[in-house]
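In this note's numbering, the protein residues as written are 17 to 660. Worksheet for the structure shown next.
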């Protein structure tokens, strides 16, 4: 299966690998070999969806199924574990409810049937433990979802305390991945044995009661994340087989995979169809007839998928060229220069697609001076995206000015406010940027320790600042860190970090770049939230509910998606509207307002994107290669790729 396994972020992964060091001589047609650039954290089902670490999800996705996913190419919501679409939301007392019928005959990898009890257990556990951050923020948002019931073996009832919109129902809870109750329930209960007070307080309870409840939830969640998951039953095309940390992870084909042998077809008229020989047929979005946009069968067609861990991008590309791996996973794809360097290799195929990702600079708005919008606006003014993408990176990337990709035409808002640009949209010169940034800082009460202000030095082509920036209260701006990935991992983001620090130092803002490995950077920023500024990347979902999550006050918790702690009542109000609007016509104006607010407030700065280049061994056969986001963002790809 492919996009059917889409999660909240739109994070889809999968392709294959082999043991590092096996060399080009190892060409087992039963092994699909993927290269990855970081060791997954080995977190369990609950933890990986709380952090949504790219590399965890990359390896976990082929093992998981969700209630619903989205179809290939057109990205329409379609049933996955569900047998059909959810019933309309209807009021029931003070609540809103919807029911979903599950497919009959789906089994876990250990042979036990997957039932409505598994769905209820998964989401009720998330609610009980107050799981937040990552995918749980959309799948089990307690501000909306209050309980899930197993009406019978195959009927699930979703109960919402208040009416959810598209973002929290169709594109939220109904996309949830499901865990096996018979495996997890005893472990969960043992983990919290003796703990009390995990029942949600009544509405209107005292603030202290709520604070104590949330503290207990956080303690219980840590116990949940620490549970081992040895031999966990799964529902996807593959099951965990073995691992050598730092070297490889092996998945084995799941003999009980429900969708094995299913034929998927998309039609030019928008219709979607799936058929299983001597099984079932399902169609949606019109009559399945006429020209086809894609057609393929699901496997898996290999016995194993092996993910090999490489220390950096160059080592992984060498492994690709030598035949050790079939394809390389990298959320940004390959830099264009590297992709072009392997085009002449007769064993490799290069494909380019539009990307669903964006790279950004984020501020810790809990600290001075990052808490001040004027300071953030000044940084955004000094940062010259065009110079870096065109002159330094030689067109390997293109500048971004929005967190909704232009390719997502339904939701992208053009003509947003831009810092560092003239009214006609022309990028400012270096001198104009310095002048404007200083103007913003002075107007906000900042000064410099030598009682002068930075001025442009035309002879040397730099800003001339002899003093350090002073906060409005007269204190010196402390030495700041800009956290970034290394050149070996991502030369593009590393380049942006180095130049950004240089431009800030030129005007007296003391910044140094600290390069970290991917997992270390995630720990410092998302988990510990111990940072001043950082540069990372993220995925832009098809439905822009992420516009709510990235800067929502309730997400400003450790592990939450608002790592920078941005808090704005006007934003939260718009965020609430984006989570409750029920139609495109209702949601589009709200999404536009959020894009404008964020462009002005600048809690994050959108930096750049690249068309995603991917290179794979020609022994692989894909159902198709042109798709928004690239091959690696197709969920479940190991289950449909064939080896020639």
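C-beta atoms are modelled at their ideal positions from N, C-alpha and C, and glycine is treated no differently.
Contact fails between the region 61–77 and the region 97–106, because fewer than three Cβ pairs, one in each stretch, are under 8 angstroms apart.
Scanning its chain for C-beta atoms nearer than 6 angstroms, with the 5 sequence neighbours on each side dropped, one finds around residue 157 the residues 184, in chain order. Selection 469, 273, 409 evaluated against residue 253 yields 273 as nearest (Cα-Cα). Contact check for residue 263 and residue 320: beta-carbon distance about 15 angstroms, past the 8 angstroms limit, so the pair fails to qualify. Boundaries of the beta strand (DSSP E) harbouring residue 95: 93–95, taken from the DSSP string. Looking only at 481, 550, 543, the smallest Cα-Cα distance to residue 148 is reached by 543.
Counting only runs of at least 3 residues, the region 489–567 fully encloses the following beta strand (DSSP E) elements, listed from N- to C-terminal order: 496–501, 527–532, 549–555.
Around the Cβ of residue 654, a 10 Å sphere holds 16 or more other Cβ atoms; the residue is buried. Here residue 274 carries a coil assignment [DSSP, helix/strand/coil]. For residue 469, the closest alpha carbon among the candidates 476, 475, 460, 480 is that of 480. With contact defined as three or more Cβ pairs closer than 8 angstroms, the region 334–351 and the region 280–292 are not in contact. Within its own chain, the residues whose Cβ lies closer than 7 angstroms to the Cβ of residue 521, once the five positions on either side in sequence are excluded, are 527, listed in chain order.
C-alpha of residue 190 to C-alpha of residue 119: approximately 15 angstroms in a straight line.
By the C-beta criterion, the region 489–499 is judged not to be in contact with the region 430–442, since fewer than 3 inter-stretch pairs fall below 8 angstroms. Looking from the CA of residue 450, the closest CA among 433, 442, 473, 463 belongs to 473.
Contact check for residue 174 and residue 164: beta-carbon distance about 6 angstroms, within the 8 angstroms limit, so the pair qualifies. The closest CA to that of residue 609, considering only 391, 431, 150, 205, is found on 431. Nearest neighbour of residue 265 by Cα position, chosen from 222, 338, 236, 325, turns out to be 325. Assignment of beta strand (DSSP E) within the region 283–348, counting only whole runs of 3 or more residues, yields 288–291, 297–300, 308–313, 320–325 in chain order. Boundaries for residue 644: no alpha helix (DSSP H) harbours it, and the DSSP string shows neither H nor E there. CA-CA distance, residue 597 to residue 255, rounds to 38 angstroms.
With contacts defined as CB atoms closer than 8 angstroms, residue 279 and residue 302 fail to qualify as a contacting pair. By the neighbour-count definition (other C-beta atoms within 10 Å, threshold 16), residue 475 is an exposed residue. If only complete runs of 3 or more residues are kept, the region 132–168 shows the beta strand (DSSP E) at 161–168, in order along the chain. As far as DSSP is concerned, residue 252 takes part in no beta bridge. In the DSSP annotation of this structure, residue 224 is not part of any beta strand (DSSP E); the continuous alpha helix (DSSP H) holding it starts and ends at 223–241. When the beta-carbon positions are compared, residue 136 and residue 152 stay at least 8 angstroms from each other. Here the region 346–360 does not lie against the region 582–598, with fewer than 3 beta-carbon pairs under 8 angstroms apart. Here the region 452–460 does not lie against the region 494–508, with fewer than 3 beta-carbon pairs under 8 angstroms apart.
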